[in-house]
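Asker:
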Amino acid sequence: MIVGPGPSGEDVADPVHRDGAADLGAPGGEEIAHRFVGVGERQAAQAPGLAGPDLPRAHDGRPEAAGVDGERGVGDRHAPHHAPGGSATLAGVRYVDPSTGRTYPLSEARWRGDSGHYLNLTPGPGLRRADIETSRYSVWRYAKALPVPVEDAVSLGEGWTPLVAGEWDAVPVRYKLEFTMPTGSFKDRGTTVMVSYLRSRGIQRVLEDSSGNAGASLSAYAAAAGMACRILVPETASYPKVAQIAACGADVVTIKGSRQDVAEAALRQSAEIFYASHNWQPCFVEGIKTLAYELWE
């Protein structure tokens, strides 16, 4: 696997895979600085049947399929092989476009509305102390308040981080040690829920733009879920972070230009691969809220 440019600018690479990386070219026609090919992307290219059917993507990242009336739609028949018939989502919860009020069923894997605006989820039932699964020591102890059944969880043991007493400028405080997460950041809270949801809806390839932590998190959880993963990073991304992302098997593509250029490249590439963005996909935020549950508990 090509890991990327080393500290002195040279490529640190596994020469066995160098030719394969060159053959892939620049996804979406982007001007790239480097491309580092991950195991998941390579396996998907060499053996498409390995992870199930590769469905074409709609503009919003949903799999395109013929609905019962012959129009495009998404149904439970597109559930992944490990969950025939599809898995239930949180009862009564739907996507909602706050700009229009339009809602969409949670059975559709989306990251934005048809208007192009971001989506929220409608409020769920909340959480009572009796709902906490006290035998679990991860964010999934709060599964009753999450939009994915716990049996579909893709978990690396995230959450339940230490809360330690300390002092800040002579003021007593408590520190929540989120750096003890599996990939080193709080973003694992959101990624575990988002990836679990996407896998339950049949998504097998994911895309993200990141300068470090979000990409490292998605790469790790996608690997755990058996998904192919592509991460777009800016030229200014730190080498250790790029190496961490690539180490988990993602296809890492360095985009020339600003951080905004990277985000815009991801939007363009979302036509071919699901955009599992921590800034767009609502289930990511659902996972982040577990921090509040831990503090409350």
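For the sequence shown, the numbering used here begins at 37 and goes up steadily by one. The beta carbon of each residue, even a glycine, is placed where N, CA and C say it ideally should be. Given the structure is predicted, the values throughout are model-derived calculations rather than measurements.
1) Taking three-plus beta-carbon pairs below 8 Å as touching, is the stretch 194-209 in contact with the stretch 153-163?
2) Please state whether DSSP places Tyr33 in a helix, a strand or coil.
3) Hey, is the stretch 224-234 in contact with the stretch 314-324, meaning 3+ C-beta pairs nearer than 8 Å?
4) According to DSSP, which residues form a beta bridge with Arg210?
5) Using alpha carbons as the reference points, say which of Tyr257, Ala166, Pro141 and Ile309 lies closest to Gly285.
6) Indicate the three-state DSSP secondary structure (helix, strand or coil) for Pro270 in the structure shown.
7) Got a sec: does the ligand FAD put a non-hydrogen atom nearer than 7 Å to the Cβ of Tyr329?
8) Under a Cβ-count criterion, where at least 16 other Cβ atoms within 10 Å of its own Cβ denotes burial, should Val184 be classed as buried or exposed?
9) Based on the DSSP output, what are the partners of Thr10 in its beta bridges?
10) Output the distance between the C-alpha atoms of Met263 and Val288, rounded to the nearest integer angstrom.
11) Considering only their Cβ atoms, is the gap separating Ala261 from Val231 smaller than 8 Å?
12) Can you tell me where the beta strand (DSSP E) holding Leu243 begins and where it ends?
13) Can you name the start and end residues of the alpha helix (DSSP H) that Ile309 belongs to?
14) Tell whether a beta-carbon distance below 8 Å holds between Ala179 and Glu169.
15) Hey, quick one: how far does the beta strand (DSSP E) through Thr290 stretch, first residue to last?
Answerer: Let me lay it out:
1) no
2) For the chain, the structure presents residues 37 to 333; residue 33 sits outside this window and is missing.
3) yes
4) Ala201
5) Tyr257
6) strand
7) By its list of ligands, the structure shown contains no ligand whatsoever, and the ligand FAD lies outside what it can speak to.
8) buried
9) Nothing about residue 10 can be read from this structure; the chain reaches only from 37 to 333.
10) 14 Å
11) yes
12) Arg241 to Asp245
13) Per DSSP, Ile309 belongs to no alpha helix (DSSP H) and is neither H nor E.
14) yes
15) Asp287 to Ile291
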